[in-house]
Each structure stands twice: as structure tokens, then as C-alpha cells.
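Enquirer:
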Amino acid sequence: MVDAANYNQVETLKNGIEVRIRSIRPDDKERLVEAFKNLDPESIYSRFFYQKKMLSEEELKSATELDFENAAAFVVATGEGEQETILRAGRYVVIDEPGKLPSAEVAFTIEEDYHRQGMARILLQHMASIARGKGLSRFVAEVLPENTGMLTVFSRSGLPMKTEHGGDAVHVTLSLTEDVF
């Protein structure tokens with residue numbers, strides 16, 4: 044089984060840039076603050092469903108201090124040490140629904156300059172593999188209908204997908220196994 048808390052893999056993006064997909068760490072708080080500063084208002088709204096200017100201390104702690112059993116988060120980064128920059132973050136939180144298949148809610152954020160480089164798809168593939176190894180059967184997500192980029196990532200992920208439109212969001216279910224739907 045993969046050690047999600049110490050995950051570290053190298054991938055190459057469409058533009059040829061080499062990136063590292065790794066587990067988030069408590070010392071990533073400042074890097075997350077910097078990455079958040081590089082998001083445009085549309086990306087912030089797409090991720091959080093409301094506008095915000097910064098991440099709170101509580102949000103930073105919640106995002107970086109995880110048990111990797113009930114919640115796991117991963118970053119896509121370039122550089123090393125002090126020069127490391129977080130380009131994307133993804134996380135899943137296990138949903139405890141008695142009588143239902145083991146699931147997790149999944150969410151992503153990406154730095155603007157790296158849209159359409161295959162980063163979301165790559166990160167989703169890594170996260171799906173890790174979640175599958177933890178016994179999860181599906182990912183679920185709430186996506187704004189206008190967030191066509193994320194909906195496209197999900198639909199092109201290679202994972203069986205079901206969508207339900209309701210209210211202000213599209214409810215997406217991605218199967219991590221073949222017997223979810």
C-alpha cells in the first residue's frame with residue numbers, strides 16, 4: 044500500500060516542465076499563502092463558492108495538518124527547498140455515510156499560469172490511485188456550472204463519471220472502482 048503521508052512522485056507537464064506531486068506538509072503553510080495570492084478572483088470563487096482575500100490560520104492548519112486516513116492533500120510543486128513553489132493543491136476528505144460505498148469529497152485549486160497543462164488530470168490520477176488503495180470507491184465534488192475547466196478534467200479523467208445538476212452546482216461522482224454506479 045502507498046504511504047500517502049510521504050507520497051512523492053515526479054511528472055512532466057504538457058509544456059515540458061518537470062513537477063513533483065507530493066503530500067502536503069505542515070511546513071507548507073507559507074507556500075500555500077503565496078500560491079493563494081497568485082489566484083485570480085474567478086479561481087477563488089470556483090474553489091470556495093465565495094470570494095475571499097486570504098486563507099485564515101484555521102484554514103491553513105486544516106489544509107496542512109492531516110492524518111492521511113480521513114483527509115489527505117497533495118501539491119504539485121516546482122523547485123526545491125526555499126525555491127519550491129506550489130502550483131496546484133488537491134485534497135480529499137472521507138465522507139462517513141453508513142450504508143453507502145466508501146467515498147471522499149475531492150477539491151482542487153490551481154495557479155493561473157498553469158491552466159491547461161495537464162496538471163489537474165495528473166494530480167487527480169495520483170489521488171485516485173491513493174484513495175483506491177485506502178479502500179475508497181468514489182470521489183464526489185460540487186462544481187459550479189461555469190467551471191467548465193474542472194468539469195472537463197473530471198470528464199476526461201478516464202474514471203466513470205455521473206453528474207447531477209441541482210441548485211447552483213453540479214454534483215459530480217467519479218467511480219474509483221468498476222461497481223459504483
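Counted the way the working numbering counts, the sequence shown spans residues 44 to 224. From the three backbone atoms N, C-alpha and C, an ideal C-beta is built for every residue, glycine too.
Hey, would you say M170 sits closer than 8 Å to G209, going by beta carbons?
Expert: Contact flag unset, no.
Enquirer: Work out the CA separation of R175 and R63 for me, nearest whole Å.
Expert: For R63 and R175, the distance between alpha carbons rounds to 21 Å.
Enquirer: Select from S99, K104 and V186 the residue whose C-alpha is nearest the C-alpha of V213.
Expert: The shortest C-alpha separation from V213 is found at V186.
Enquirer: When DSSP builds the beta bridges, which residues end up paired with M204?
Expert: Paired residues: L217.
Enquirer: Roughly how many angstroms lie between the CA atoms of A78 and A106, to the nearest whole one?
Expert: When rounded, the distance between both Cα atoms is 13 Å.
Enquirer: Return helix, strand or coil for N113, following the three-state DSSP convention.
Expert: It is coil, neither helix nor strand.
Enquirer: Cα separation between N49 and K177?
Expert: Rounded to whole angstroms, N49 to K177 spans 14 Å at the Cα level.
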